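One structure is given here, and the rest of the page talks about it.
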Amino acid sequence: MKTIVAFLAVLAAFVAAPFALGSYYTTLIIPILAYAIALTGLNLLFGYGGLLSFGHAMFLAIGAYASAVMGAKLGVRAFEAQLIVAMLASGTVAALIGLLCLRYTTIFFSMLTLAFGMIFHSFLFKFYDLTGGESGISVPRPSLFGASFASMSKTAFLVGPFYWYALGLFSVMFLLMALIVSSPLGLALKAGRDNERKTSFLGVPVFKVRYVAFILSGIYCAVGGAVLAVSIGAADPELSYWTQSGNMIFIIILGGLGQLFGPIVGAVSFTLLQDTLMANTEYWRFALGAILALIIIFAPRGILGLITRALEWRRR
């Protein structure tokens, strides 16, 4: 019940945002929704499964390039078709990579995912005819439910139809993840994180559970990548670079690792803080790093953990 109430509050805030904020901040919320979707998937693997992946930006890039290639190269403008291709492509790659990576845990799993991520990054650079090389591919405006919105400007399209589409997509993906986390799959995943040996002795197929979680996390990242590509208007190799994976991990920790709303809080906090600092100082990287380091040091459970602790202290 608390989850539903909290979700409705978050949804109400996103619904009110276009009316309360200007076009600039509304366009800024779309990447937040995109990262929230992708990080919700990564949080399933890392937060609930205890498996730290340094290569999940690869799946983010797969989603972005699926949207770009479908729209720019193949002329398929229907965003629903682009999403389906992105999910199938990312799910297939995750299924193949997961068979090898999930045979290991701890740092070995992290290094293997990093290696595959860097291989994919090199692939995007080398196969110029398909990926556009270093320049990437521009993403043409997609159609939504068959409507092209050709008469709208790019900004009007983003703050109007596409914003509501992205919000609806985020809502569906979030509620689906809430069901997954509370299902036997989610419980088995957390049990394997806390004590793998005991969970195996109880008859839980830990490898299969983690394998499914790995595929799901890849699919979620691809959906987020497709939305992100439309919002920024391009898909480029930097989306798959290891620093992008590092940012994704950091945002989850910032919001609250292993908490359902952690990716949302982290994505909102990180994006708004970075945008504010970039607008006010040329030393924004230094300031951002210092602020985030202080938050992590004094709030190891993330911003959500800090809020929960404050509420408990007030209640006492």
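In our numbering, each residue carries its 1-based index in the sequence shown increased by 18.
Where a beta carbon is used, it is the ideal one built from N, C-alpha and C, also for glycine.
If you're wondering where the values come from, they're calculated on a predicted model, not measured in any experiment.
For residue i, write down the residues that DSSP places opposite it in a beta bridge.
i	result
I155	A253
S161	A96
Considering only the alpha carbon of each residue, which of the options lies closest to residue i?
i	options	result
F175	F25, T21 and S41	S41
T149	L246, A86 and L120	A86
A54	L246, S171, T45 and S128	L246
R95	M136, T110, M296 and L162	L162
L51	G109, A113, F279 and A285	A285
A56	L278, S166 and A30	L278
Q100	A84, M136, I115 and A206	A84
V177	L312, F37 and G109	F37
C119	V222, T326, V23 and H74	H74
M129	F97, S71 and G109	S71
L26	M136, L185 and A328	L185
A231	A328, P202, D254 and G221	P202
G67	L207, G236, R303 and P281	L207
N265	F288, I282, D254 and A253	F288
A31	T299, I282 and I314	I282
A196	N61, Y181, L46 and I47	N61
P49	R303, E300, F180 and L234	F180
T58	Q262, I270, R327 and L291	I270
K268	G221, F143 and I309	Reading off the sequence, residue 268 comes out as Phe, not Lys. F268 has its Cα closest to that of I309, out of G221, F143 and I309.
I313	L291, R332, R333 and F138	L291
A252	A112, F126, P160 and I102	P160
L234	E300, A113, V28 and M170	A113
S108	R303, R334, G236 and T326	G236
I47	V28, G65, W302 and L63	V28
Could you check if residue i is buried or exposed, using at least 16 other CB atoms within 10 Å of its CB as the buried criterion?
i	result
Y183	buried
T131	buried
T18	Missing from the structure shown is residue 18; the chain here goes from 19 to 334 and no further.
S166	exposed
N213	exposed
G210	buried
D147	exposed
L69	buried
V224	buried
L194	exposed
I22	exposed
V33	exposed
R228	buried
Y259	buried
A168	exposed
S140	exposed
T134	Note that residue 134 is Phe in the sequence shown here, rather than Thr. F134 is buried by the Cβ-count criterion.
I137	exposed
So with Cβ pairs under 8 Å, would you call residue i a contact of chain D?
i	result
F304	In the displayed structure, chain D is absent; only one protein chain is listed.
Three or more C-beta pairs under 8 Å: does that hold for the segment 75 to 84 against the segment 231 to 248?
Taking 8 Å as the limit for Cβ pairs, the verdict is that the segment 231 to 248 does touch the segment 75 to 84.
Can you confirm whether the segment 90 to 102 touches the segment 148 to 166 when touching is taken to mean that 3 or more C-beta pairs between the two stretches lie within less than 8 Å?
By the Cβ criterion, the segment 148 to 166 is in contact with the segment 90 to 102, since at least three pairs of Cβ atoms, one from each stretch, lie closer than 8 Å.
Complete alpha helix (DSSP H) runs within the segment 196 to 250 (minimum length 4 residues, chain order):
If only complete runs of 4 or more residues are kept, the segment 196 to 250 shows the alpha helix (DSSP H) at 202 to 212, 214 to 219 and 224 to 250, in order along the chain.
Check whether the segment 210 to 225 touches the segment 33 to 49, taking contact to mean three or more Cβ pairs, one atom from each stretch, closer than 8 Å.
Using a Cβ-Cβ distance cut-off of 8 Å, the segment 210 to 225 and the segment 33 to 49 are not in contact, since fewer than three pairs of beta carbons, one from each stretch, lie closer than that value.
In chain order, each beta strand (DSSP E) run of at least 3 residues that lies wholly inside the segment 269 to 328
Complete beta strand (DSSP E) runs here, min 3: none at all.
Contact between the segment 248 to 264 and the segment 286 to 304 is defined here as three or more beta-carbon pairs at a separation below 8 Å; is this criterion met?
Short answer: they don't touch.
Stretch-stretch touch, CB-based, cutoff 8 Å, three pairs: the segment 190 to 197 with the segment 265 to 277:
With a cut-off of 8 Å, the segment 265 to 277 and the segment 190 to 197 do not count as touching, because too few Cβ pairs lie within range.
Check whether the segment 258 to 275 and the segment 311 to 321 touch, using three or more Cβ-Cβ pairs below 8 Å as the test.
Taking 8 Å as the limit for Cβ pairs, the verdict is that the segment 311 to 321 does touch the segment 258 to 275.
Inside the segment 43 to 114 only - alpha helix (DSSP H) runs reaching at least 4 residues:
If one requires a minimum length of 4 residues, the alpha helix (DSSP H) runs lying completely within the segment 43 to 114 are 75 to 86, in chain order.
Alpha helix (DSSP H) segments (min. 4 residues) lying fully within the segment 111 to 145
Runs found: 124 to 144.
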